[in-house]
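*Asks:* Residue numbers (this note's numbering), protein chains in the order written: chain A, 43 to 370; chain B, 43 to 370.
This structure is in structure tokens; I'll ask about it shortly.
2 protein chains.
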Amino acid sequence: MSIRIGIFGYGNLGRGVESAIRQNNDLELVAVFTRRDPSKLKIATEGVPVYHADKAKELADSIDVMILCGGSATDLPVQTPEMVKYFNVVDSFDTHAKIPEHFANVDSVAASSGKIAVISAGWDPGMFSLNRLYASAILPDGKDYTFWGKGVSQGHSDAIRRIEGVLDGKQYTIPVDSALDAVRSGSEPELTTRQKHIRECFVVAEEGADKARIEAEIKSMPNYFADYDTTVHFITKEELERDHSGIPHGGFVIRSGRTGLNSEHNHIIEYSLKLDSNPEFTASVIVAYARAAYRLNCEGASGCKTVFDIAPAYLSSRSDEELRATML
Amino acid sequence: MSIRIGIFGYGNLGRGVESAIRQNNDLELVAVFTRRDPSKLKIATEGVPVYHADKAKELADSIDVMILCGGSATDLPVQTPEMVKYFNVVDSFDTHAKIPEHFANVDSVAASSGKIAVISAGWDPGMFSLNRLYASAILPDGKDYTFWGKGVSQGHSDAIRRIEGVLDGKQYTIPVDSALDAVRSGSEPELTTRQKHIRECFVVAEEGADKARIEAEIKSMPNYFADYDTTVHFITKEELERDHSGIPHGGFVIRSGRTGLNSEHNHIIEYSLKLDSNPEFTASVIVAYARAAYRLNCEGASGCKTVFDIAPAYLSSRSDEELRATML
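This is the structure in structure tokens:
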């Protein structure tokens, strides 16, 4: 018996979930839900029905876990509490500052519906969070560092595209090598925003646009660019499509800490990701937590959970015996 | 109320546990147990009693978690099942091939005593195992690689010291940089033993010993050195003490995998440790799992557990609310 999965929202993340499900024999995609006209949505998996989002609750008995692929700004704060009335759910809510509020909203509904909600599954929040937690529990006397990139920041790319005279653009966040090396040395440096990351922009300008003004506007944009060393490259539409159509990302979580009666020994714990496709990797994490959500609910558990609350063995399709024999 | 910890066995690992406990305000060392004459053992913590190992069971009511610091070859297979009759216990049993047997032996006793045993806590098995599990659950279509070092291998150092004419010696296991780079490229190379690690030996020979013979004996030793590229340096006793008295270790767990409808996207997940003191870091992991063992038992759980079975939040001294607000 496969675990029956629904996908709610069919953008980059939803498509990533669809493709991740194919890599897991114990999972089966049974329906996709969209707020657009379902008759106009063509999905990659043959034979799987597409429904309007409003129809989801009618399929409560046919879906074991609903994976919510909407955005964190306006979709998930509404959808996750609503959907957990009917389904075990997993979302990738990633507005870090609002996680406690989202957790509370979802938890109260899940507790009364008897379902499991896993929120904020992905890599940050998600795998990066796990590594921050494990590393700080092991080395309480130490310091955490998180670096992002090299990767595309959607928010920064959008900000560039809003500038007058810009047709299109992509922004890469890049960790500064010398900062990474300083952290790895165990010296526990204090690093400013500017010292940790640089921002590299590839911009397609309208014909005749004032490139010097565009570059100046980008580099001085508060919050987004002003606190960083930013480089701006003007390229053609064709170059942008050829060289910058991917959605790579990644980053580093490093903890530097000390042990010993006199704190005489240094230790470095480093976790890093190098991802060709940010949404597909996020989807792969989500799908593993969908398996966990289903199993936990089968055992009688309910309520809102995060990656912190779920024992690792629940993520794997292998039995506990097999895991101990092959991976421990 | 602190969690009351006992240390059973006071070698390098036991001393590491003693020092790790000092870094955790919610843990308190209440007793050390030794098979030697307790009156002759001087520990680093004032006011903490040292007892003979035989006396441990009499303190069942005064100790929340007993940390077992014996060796995997002969101590833990006997001690862990025996001690879990009376205490929640944590061990660092590291004979990978015998973990299923050890688990079964410990689990049956723990189930009837109502205590928790966490076995094989440390970094390999332990944190490395966790990273193998998480990474393979997220990227089912991929390949795992584990590299060890640079670090001191006790077993290989002992093997050197058994050779005639050798007064003392230290062996470092070193991952081969080009192999690491090949794995990180995503090409999923097949690597031989020789391609993954080199072995570097520092040897103090007796005066007049035949160094050429010693070097040849080391390099041709089956299992230990014959399958590796090994370098041998002869140094003085003083140099060995000055430059090689530490017990550093570390390593890398890397998973390379693919996602996408046509497996078109590559991803690299890498976890690495760089440790000044192998026993102190292992002890730090054990101590975090001692906290988890106590909490699980307080919730009514019993039986044998591994790092795979324990939700990450149990390891941290912080509340779930604080973890979500600060680390997720």
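Using N, Cα and C, we set each Cβ at its ideal position, and we do this for glycine too.
Source: prediction; values computed, not measured.
1. Taking 8 Å as the threshold (C-beta atoms), are Asp-362/A and Leu-282/A in contact?
2. Could you work out which residue in Ala-343/B, Thr-188/B, Cys-340/B and Ser-359/B is closest to Pro-231/B when comparing CA atoms only?
3. Within a Cβ cutoff of 7 Å, which residues of the same chain sit near Ile-205/A, ignoring the five residues on either side of it in sequence?
4. Of the residues that make up the stretch 140-163 of chain B, which ones have a beta carbon closer than 7 Å to any beta carbon in chain A?
5. I'd like the span of the alpha helix (DSSP H) that includes Glu-249/A, first residue to last.
6. Which residues mark the beginning and the end of the beta strand (DSSP E) in which Lys-238/A is found?
7. Locate the alpha helix (DSSP H) running through Met-169/B, then write down its first and last residues.
8. Compare the beta carbon distance of Arg-57/A and Ala-86/A with 8 Å and say whether it is the shorter of the two.
9. My parser needs the beta strand (DSSP E) runs of 3 or more residues fully inside the stretch 287-334 of chain A; what are they?
10. Nearest by alpha-carbon distance to Gln-196/A: which of Ser-287/A, Lys-316/A and Ser-162/A is it?
11. So, is Ser-227/B buried or exposed, given that buried needs 16 or more other C-beta atoms within 10 angstroms?
12. Anything in chain A within Cβ reach of His-309/B, meaning under 9 Å, just list it in chain order.
13. What is the DSSP secondary structure of Gln-213/B, reduced to helix, strand or coil?
14. Closer than 8 Å is the cut-off here; do at least three beta carbon pairs connect the stretch 154-161 of chain A with the stretch 341-359 of chain A?
15. Starting from the N-terminal side, write out each stretch of the beta strand (DSSP E) that is 3 residues or longer and does not extend beyond the stretch 122-171 of chain A.
16. So, under 8 Å CB-CB, Ser-104/A and Phe-135/A are touching, yes? Tell me the CB distance rounded to an integer number of Å.
17. Alpha carbon to alpha carbon, what distance is there between Ala-330/B and His-291/A?
18. Grab me the residues of Phe-368/A's own chain with a C-beta within less than 8 Å of its C-beta, minus the 5 sequence neighbours each way, in chain order.
19. Compare the beta carbon distance of His-309/A and Lys-316/B with 8 Å and say whether it is the shorter of the two.
20. Contact criterion: CB-CB distance below 8 Å. Does Asp-351/B meet it with respect to chain A?
21. What are the boundary residues of the beta strand (DSSP E) that includes Glu-70/A?
22. When the Cα of Tyr-176/B is compared with those of Ser-358/A, Ile-141/A and Ser-44/A, which residue comes out closest?
23. Which residue wins for smallest C-alpha separation from Ala-102/A, given the options Ile-352/A, Gly-48/A, Val-194/A and Leu-338/A?
24. Could you tell me which chain A residues have their CB closer than 8 Å to the CB of Met-125/B, listed as they occur along the chain?
25. Just tell me which of Thr-301/B, Glu-306/B, Pro-217/B and Ile-161/B has its CA closest to the CA of Cys-111/B.
26. If you check the beta carbons only, do Ile-352/A and Ala-334/A fall under 8 Å apart?
27. Looking at the ligand FAD, does it come within less than 7 Å of Ala-152/B, judged from the CB to the closest heavy atom?
28. Whose Cβ in chain A lies nearer than 8 Å to the Cβ of His-138/B?
29. If contacts are defined as beta-carbon pairs under 8 Å, then Val-107/A and Val-131/A qualify, I think. What distance do you get, rounded to the angstrom?
30. Check each candidate in Val-120/B, Arg-174/B and Met-263/B and name the one with the smallest Cα separation from Arg-297/B.
31. Can you find a CB in chain A that lies within less than 8 Å of the CB of Gln-65/B?
32. From the DSSP secondary-structure annotation, give me the bridge partner or partners of Leu-110/B.
33. Let's see if you can read the secondary structure: which residues bound the beta strand (DSSP E) around Gly-345/B?
34. For Asp-269/A, I'd like the list of residues in its chain whose CB is within less than 7 Å of its CB, leaving aside the five on either flank, ordered along the chain.
35. What three-state label does DSSP hand Ile-352/B in the structure shown?
36. What residues match up with Ile-45/B in a beta bridge as DSSP calls it?
*Replies:* A quick look at the data gives this:
1. Here residue 282/A refers to the residue found at position 240 when the first sequence is read from its first residue. Here residue 362/A refers to the residue found at position 320 when the first sequence is read from its first residue. The answer is no: Cβ separation not under 8 Å.
2. Reading the second sequence from its first residue, position 189 is the one you call residue 231/B. Nearest option by C-alpha distance: Thr-188/B.
3. Taking the first sequence and counting its residues from 1, one reaches residue 205/A at position 163. Excluding sequence neighbours, Ile-205/A sits near Ile-256, Glu-259 and Ile-260.
4. Ile-141, Pro-142, Phe-145 and Ser-162
5. Numbered from 1 along the first sequence, position 207 holds the residue referred to as residue 249/A. Element bounds for Glu-249/A: n/a, residue is neither H nor E.
6. As a first step, residue 238/A is located in the first sequence; it is residue number 196 there, counting from the start. First-last for Lys-238/A: 235-238, but that is the alpha helix (DSSP H), not the beta strand (DSSP E).
7. Counting from one through the second sequence, the residue named residue 169/B turns up at place 127. Residues 169-180.
8. Taking the first sequence and counting its residues from 1, one reaches residue 57/A at position 15. Taking the first sequence and counting its residues from 1, one reaches residue 86/A at position 44. The criterion of a C-beta distance shorter than 8 Å is satisfied by Arg-57/A and Ala-86/A.
9. 291-301 and 307-317
10. Working through the first sequence from its first residue, we reach residue 196/A at position 154. Residue Ser-287/A is the option with its Cα nearest to Gln-196/A.
11. Position 185 of the second sequence, counted from the first residue, corresponds to residue 227/B. Counting Cβ neighbours within 10 Å, Ser-227/B comes out exposed, since fewer than 16 surround it.
12. Residue 309/B sits at position 267 when you count from the first residue of the second sequence. Simply Gly-292, Leu-315, Lys-316, Leu-317, Asp-318, Ser-319, Glu-322, Phe-323 and Ser-326.
13. Your numbering for residue 213/B matches position 171 in the second sequence. It is a strand residue.
14. The stretch 154-161 of chain A is in contact with the stretch 341-359 of chain A.
15. Taken in chain order, the unbroken stretches of beta strand (DSSP E) that lie wholly in the stretch 122-171 of chain A and span 3 residues or more are 130-132 and 158-160.
16. Translated into positions along the first sequence, residue 104/A becomes position 62. Translated into positions along the first sequence, residue 135/A becomes position 93. At roughly 25 Å, the Cβ-Cβ gap does not stay under 8 Å, so Ser-104/A and Phe-135/A are not in contact.
17. In the first sequence, residue 291/A corresponds to position 249, counting from 1. In the second sequence, residue 330/B corresponds to position 288, counting from 1. Cα to Cα, His-291/A sits roughly 32 Å from Ala-330/B.
18. For the purposes of this step, residue 368/A is taken as the residue at position 326 of the first sequence. In the sequence as displayed, the identity of residue 368/A is Thr instead of Phe. Once the five neighbours on either side are set aside, the close Cβ partners of Thr-368/A are Arg-360.
19. On the first sequence, residue 309/A is found 267 positions in, with the first residue counted as 1. On the second sequence, residue 316/B is found 274 positions in, with the first residue counted as 1. Yes, they are a contact pair.
20. Locating residue 351/B in the second sequence gives position 309, where the first residue counts as 1. With 8 Å as the cut-off, Asp-351/B counts as an interface residue toward chain A.
21. Within the first sequence, numbered from 1, the residue matching residue 70/A stands at position 28. From DSSP, the beta strand (DSSP E) with Glu-70/A extends over 69-76.
22. The sequence position of residue 176/B within the second sequence is 134, counting from 1. Minimum Cα distance to Tyr-176/B is reached at Ser-358/A.
23. Indexing the first sequence from 1 puts residue 102/A at position 60. Nearest option by C-alpha distance: Gly-48/A.
24. One-based indexing of the second sequence puts residue 125/B at position 83. Ordered by position in chain A, no residue passes the 8 Å Cβ test against Met-125/B, which lies about 20 Å from the chain.
25. Along the second sequence, read from residue 1 onward, the residue named residue 111/B stands at position 69. When each option's Cα is compared against that of Cys-111/B, the closest is Ile-161/B.
26. Position 310 of the first sequence holds residue 352/A. Position 292 of the first sequence holds residue 334/A. Against a cut-off of 8 Å, the Cβ pair of Ala-334/A and Ile-352/A comes out as a contact.
27. Judged by which ligands are present, the structure shown has none, so any question about the ligand FAD falls away.
28. The count along the second sequence starts at 1 and reaches residue 138/B at position 96. Going along chain A in sequence order, the residues near His-138/B (Cβ under 8 Å) are Leu-370.
29. For the purposes of this step, residue 107/A is identified with residue 65 of the first sequence, where counting begins at 1. For the purposes of this step, residue 131/A is identified with residue 89 of the first sequence, where counting begins at 1. In this structure Val-107/A is in contact with Val-131/A, their Cβ atoms being roughly 7 Å apart against a cut-off of 8 Å.
30. Here residue 297/B refers to the residue found at position 255 of the second sequence. When each option's Cα is compared against that of Arg-297/B, the closest is Arg-174/B.
31. As a first step, residue 65/B must be located in the second sequence, where it is residue number 23. Interface residue, yes.
32. For the purposes of this step, residue 110/B is identified with residue 68 of the second sequence, where counting begins at 1. Answer by DSSP bridge pairing, in chain order: Phe-50/B.
33. Sequence index remark: in the second sequence, residue 345/B carries index 303 (1-based). Start and end: 345-347.
34. Stepping through the first sequence from its first residue, residue 269/A is reached at position 227. Correct list, in chain order: Thr-235 and Arg-236.
35. Indexing the second sequence from 1 puts residue 352/B at position 310. The answer is coil: DSSP assigns Ile-352/B none of H, G, I, E or B.
36. For the purposes of this step, residue 45/B is taken as residue 3 along the second sequence, with counting starting at 1. Paired residues: Leu-69/B.
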